[in-house]
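Chemist: Residue numbers (this note's numbering), protein chains in the order written: chain A, 10 to 183; chain B, 58 to 479.
C-beta atoms are modelled at their ideal positions from N, C-alpha and C, and glycine is treated no differently.
Nothing here was measured: the structure is a model prediction, and the numbers come from that model.
Before I ask anything, here is the structure I am working with.
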Amino acid sequence: MPRVWQFGDSINTDDILPGKYAPFMVGEDEFHRYAFAHLRPEFAAEVRPGDLLVGGRNWGLGSSREYAPQALKTLQVGAVIAESFARIHFRNLLNLGIPAFTSETVPDALRDGDTVSFDLAAGTIARGDEVFGLEPPPAFLQEALKEGSILAFYQKYGRFPGEGAKRAPNRQPS
Amino acid sequence: MTPTSLPDLRGLTLAERILSVRSGSRVRAGELVVVSVDQVMVVDSVAPSVIARIENDLGGRVRNPERVTFVLDHVAPAANVEVATAQADARRYARERGIRIFDVGRGICHQVLMEEGLIQPGGVVLGSDSHSTTYGAVSCFGTGMGATDVALSAASGRTWLKVPETVVVKLTGERPVGVSAKDVALTVVRELTAEGATYSSLEFHGAEDFTLSERMTLANLAVEAGAKVGLVPPSGEVLEGFSVPEWLVVDPDAAYVRVLELNLGALTPVVAAPSSVDNVHPLSGFSGVRVDQVFVGTCTNGRLDDLHTVADILRGQRVADGTRLLVIPASSRVLQDAAADGTLTTLLAAGAVFGTPGCGPCMGRHMGVLAPSEVCVSTSNRNFVGRMGSSEAQIFLASPAVAALTALTGFLAAPQPEPVVA
């Protein structure tokens, strides 16, 4: 059963993975061990595959470093649920195939250390008899995620989701 | 593109105008667009992931190598074998693929791309660094993304974007002496908060008197309010130095989600206190804070005018005992200019220590990381816990003038009401 890790508001990407522990500083096989090294030093050792990370407002602000969510992916985090996300980090989560949900109410209802069950396909979290629903991602992203990721989508179709048949010409400034 | 093929741009914001022209049809905030990208900028710390994505997931294809630029700046020169290997791989890949590369010592990515003429008003540039909003200084739609988005853009020549809503920062009044563009930008972040412009375009109106360097400071810090882009409408130095499309103007009928008015005349020097960029307060509240290291540099405030400000304050004097002054010019050109006009000599005589043009200790990797309990005043853009080294160190973000006066006294210090002349 997944455990809830509650982090609160304004978690920045230096919190998620400090810059000095970037993969090209400490090695591709090591960097995930430093996830939340300053904020919750026990996290990387104790997190279990499928655990849920819960944040408040503006989760993932700051640096564009994709290796921050990559560390979470390596640790097999099940999903990130927050009241709101910073935009670059939100794209990074989805690009890496880490489910990310925005919810005004669920982050507040979940407590650190809660044991829950999580149904990704249904978009629900259950704690005992309580069931919390999550909003599905926008249609554009669902179309990409059907192929696994936007990269996989592009590789398969040679275009972006939503470009459709009337793909915009590759305009260049003259 | 000829003017006759322009879509109807009436009533559109700058961001909507740029993305409408680029996509060839009128688009409004909230719509998804796929647009071509003029430059894809990749820094050394992200290059390994980008290269791996292109090679492993995208068929090894780079659509327009001349539209991809690598910059080795985030740990330059290399601090350890891992970094050295990553940089060597980036060099080799760039050479094989015909990708432009600026090597160790040329400077910080954003500064270098501007200096090299790769950033143009009305363009679209994607960077692997969040401070790619800096390109908005010339009304280029510059935005940061992660390695996967950047790799996809290098491979496809395009990217997808949600057309942002626009928050206008309307600057009025005259800036008092001692109040810099950094103070203006930090005050804007305080007023908007670190999430106040999330997903939005920030437009800075009333910045006609700001120099190009000052506009870069404004646009650079836009991302600290969460913005996707930070656009300064072309005027002044930008009209003189760049080719500006005639459609790249503020439309009086454009619709904004918010207008924040800021009377420059009421501003004072400020600092962003530990440990968030929107934790901004008047400097006067911190006058007793003892400072161990002063860092002048970064894509926010490492340009020639910033070095001039510091040199003017330090000329003929010495940095306080017990305080280190670290100066890292934003680019090799800044360093050369500072050498040519005597600024370098003035700063060296005052006791400044110089580092190789690049990002320096801004993200805590080398060249001046902080010990536990140390206090740093930095002209950079982030003061998060552990950002520059120890998680127990404290970082105050401030203007070059505040940094210089702090170096002189050893305590957080505000500029005088009158210009300081030694």
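Return the Cβ separation of T274 (chain B) and T357 (chain B) in integer angstroms, given the expectation that the two are a contact with Cβ distance under 8 Å.
Modeler: About 6 Å; that satisfies the 8 Å criterion.
Chemist: If you count every other CB in all the chains shown that lies within 10 Å of the CB of P476 (chain B), and 16 or more means buried, which is it?
Modeler: With a pLDDT of 45 at P476 (chain B), under the threshold of 50, the modelled position of that residue is not reliable, and the figure given next carries that caveat. P476 (chain B) should be labelled exposed.
Chemist: Starting from the C-beta of G412 (chain B), find all residues in its chain whose C-beta is less than 6 Å away, skip the five residues before and the five after it, and write them out in chain order.
Modeler: Excluding positions up to five away in sequence, the list reads I385 and M424.
Chemist: Here's a check: name, in chain order, each residue in its chain whose Cβ is nearer than 7 Å to the Cβ of C416 (chain B), leaving out the five neighbours to either side.
Modeler: So the list reads D130, H131, I165 and T355, once near-sequence residues are dropped.
Chemist: Within 10 angstroms of the Cβ of P116 (chain A), are there 16 or more other Cβ atoms? Answer buried if so, exposed if not.
Modeler: With 16 or more other Cβ atoms within 10 Å, it is buried.
Chemist: Can you list, in chain order, the stretches of the alpha helix (DSSP H) that have 4 or more residues and sit fully within the region 126-187 of chain B?
Modeler: For the region 126-187 of chain B, whole alpha helix (DSSP H) runs of length 4 or above, ordered along the chain, are 138-154 and 166-172.
Chemist: With a CB to CB cut of under 8 Å and the five nearest residues on each side skipped, what residues in its chain are close to L317 (chain B)?
Modeler: Here the set comprises V224, V225, V226, K227, V245, E248 and L249.
Chemist: Answer yes if the region 271-288 of chain B comes into contact with the region 194-207 of chain B, meaning at least three C-beta pairs across the two stretches below 8 Å, and no otherwise.
Modeler: Flag = yes, the region 194-207 of chain B and the region 271-288 of chain B touch.
Chemist: Using a 10 Å radius around the Cβ and a threshold of 16 neighbouring Cβ atoms, would you call R149 (chain B) buried or exposed?
Modeler: R149 (chain B) is exposed by the Cβ-count criterion.
Chemist: Given this structure, state the Cα-to-Cα distance separating F127 (chain A) from A135 (chain A), to the nearest angstrom.
Modeler: Taking the straight line joining both Cα atoms gives about 6 Å.
Chemist: Where does Y166 (chain A) land, buried or exposed, given buried means 16+ other C-beta within 10 angstroms?
Modeler: When all chains shown are included, Y166 (chain A) counts as exposed.
Chemist: Look at the alpha carbon of S435 (chain B) and the alpha carbon of Q151 (chain A), and state the distance between them as a whole number of angstroms.
Modeler: Each residue's Cα considered, the two are about 42 Å apart.
Chemist: Is it buried or exposed for M171 (chain B), if we count other Cβ within 10 angstroms and need 16 for buried?
Modeler: By the neighbour-count rule (16 or more Cβ atoms within 10 Å), M171 (chain B) is buried.
Chemist: Given this structure, state the Cα-to-Cα distance separating L361 (chain B) from S237 (chain B), to the nearest angstrom.
Modeler: Using only the alpha carbons, I get a separation of about 14 Å.
Chemist: In its own chain, which residues sit with a C-beta less than 8 Å from the C-beta of S333 (chain B), not counting the 5 before and 5 after it?
Modeler: Closer than 8 Å at the Cβ level, and outside the excluded window around S333 (chain B), lie A251, N440 and F441.
Chemist: Can you tell me the Cα-Cα spacing of N438 (chain B) and S187 (chain B), whole angstroms?
Modeler: Their Cα atoms are separated by approximately 11 Å.
Chemist: Return the residues of the region 276-299 of chain B that lie within a Cβ-Cβ distance of less than 7 Å from chain A, sorted by chain order.
Modeler: Listed by position along the chain: G283 and K285.
Chemist: For a cutoff of 7 Å on Cβ pairs, would you count G155 (chain B) as touching chain A?
Modeler: Output row for G155 (chain B): interface = no.
Chemist: Is the CB of F468 (chain B) under 7 Å away from at least one CB in chain A?
Modeler: By this cut-off, F468 (chain B) is not an interface position.
Chemist: If we count Cβ pairs, one from each stretch, closer than 8 Å, do we get three or more for the region 368-379 of chain B versus the region 401-408 of chain B?
Modeler: Yes: the two stretches touch, three or more of their Cβ pairs being nearer than 8 Å.
Chemist: Say yes only if the C-beta of V327 (chain B) is nearer than 6 Å to one or more non-hydrogen atoms of the ligand HEM, and no if none qualify.
Modeler: In the structure shown, the ligand HEM is absent, as is every other ligand, since no ligand is present at all.
Chemist: Ordered along the chain, which non-local residues of its own chain (more than five positions away) have a Cβ less than 8 Å from that of R85 (chain B)?
Modeler: Once the five neighbours on either side are set aside, the close Cβ partners of R85 (chain B) are L69, E73 and V220.
Chemist: In angstroms, rounded to a whole number, what distance separates the CA positions of E144 (chain A) and A53 (chain A)?
Modeler: Going from the Cα of E144 (chain A) to the Cα of A53 (chain A) covers about 28 Å.
Chemist: Which partner residues of M98 (chain B) appear in the DSSP bridge assignment?
Modeler: DSSP output for M98 (chain B) lists B:T126 and B:G184 as bridge partner(s).
Chemist: Verify whether the separation of the beta carbon atoms of A377 (chain B) and T466 (chain B) is less than 7 Å.
Modeler: In contact: A377 (chain B) and T466 (chain B) (Cβ atoms closer than 7 Å).
Chemist: Is there a C-beta anywhere in chain A that falls below 7 Å from the one on D114 (chain B)?
Modeler: For D114 (chain B), the answer is yes, since a Cβ of chain A falls inside 7 Å of its Cβ.
Chemist: Give the list of continuous beta strand (DSSP E) stretches no shorter than 3 residues that lie fully inside the region 376-459 of chain B.
Modeler: List check, beta strand (DSSP E) in window: 381-385, 432-435 and 451-454.
Chemist: Taking 7 Å as the CB-CB cut-off, is R49 (chain A) touching chain B?
Modeler: No - not a single Cβ of chain B is within 7 Å of the one on R49 (chain A).
Chemist: Do V63 (chain A) and Q15 (chain A) have their C-beta atoms within less than 7 Å of each other?
Modeler: Taking 7 Å as the Cβ cut-off, V63 (chain A) and Q15 (chain A) qualify as a contacting pair.
Chemist: Cα-Cα, which of A:P27, A:G69, A:K29 and A:F141 is closest to E113 (chain A)?
Modeler: If we check each option's Cα against that of E113 (chain A), A:F141 comes out closest.
Chemist: Leaving aside the five residues before and after A471 (chain B) along the sequence, list all residues of the same chain whose C-beta is less than 6 Å from its C-beta, in chain order.
Modeler: Within the same chain, A471 (chain B) has close Cβ partners P326 and L340.
Chemist: With a threshold of 7 Å on Cβ separation, who are the neighbours of P32 (chain A) within its own chain once the five nearest residues in sequence on each side are excluded?
Modeler: Excluding residues within five positions, the ones whose Cβ falls inside 7 Å are F40 and Y76.
Chemist: From the beta carbon of T70 (chain B), is the nearest beta carbon of chain A less than 7 Å away?
Modeler: It does not: the Cβ of T70 (chain B) has no partner Cβ on chain A nearer than 7 Å.
Chemist: Would you say D107 (chain A) reaches chain B, if we count a Cβ-Cβ gap shorter than 7 Å as a contact?
Modeler: Reading off the sequence, residue 107 (chain A) comes out as Ile, not Asp. For I107 (chain A), the answer is no, since every Cβ of chain B falls outside 7 Å of its Cβ.
Chemist: In whole angstroms, give me the CA-to-CA distance for S62 (chain B) and E303 (chain B).
Modeler: About 14 Å.
Chemist: What three-state label does DSSP hand R168 (chain A) in the structure shown?
Modeler: Correct three-state label for R168 (chain A): coil.
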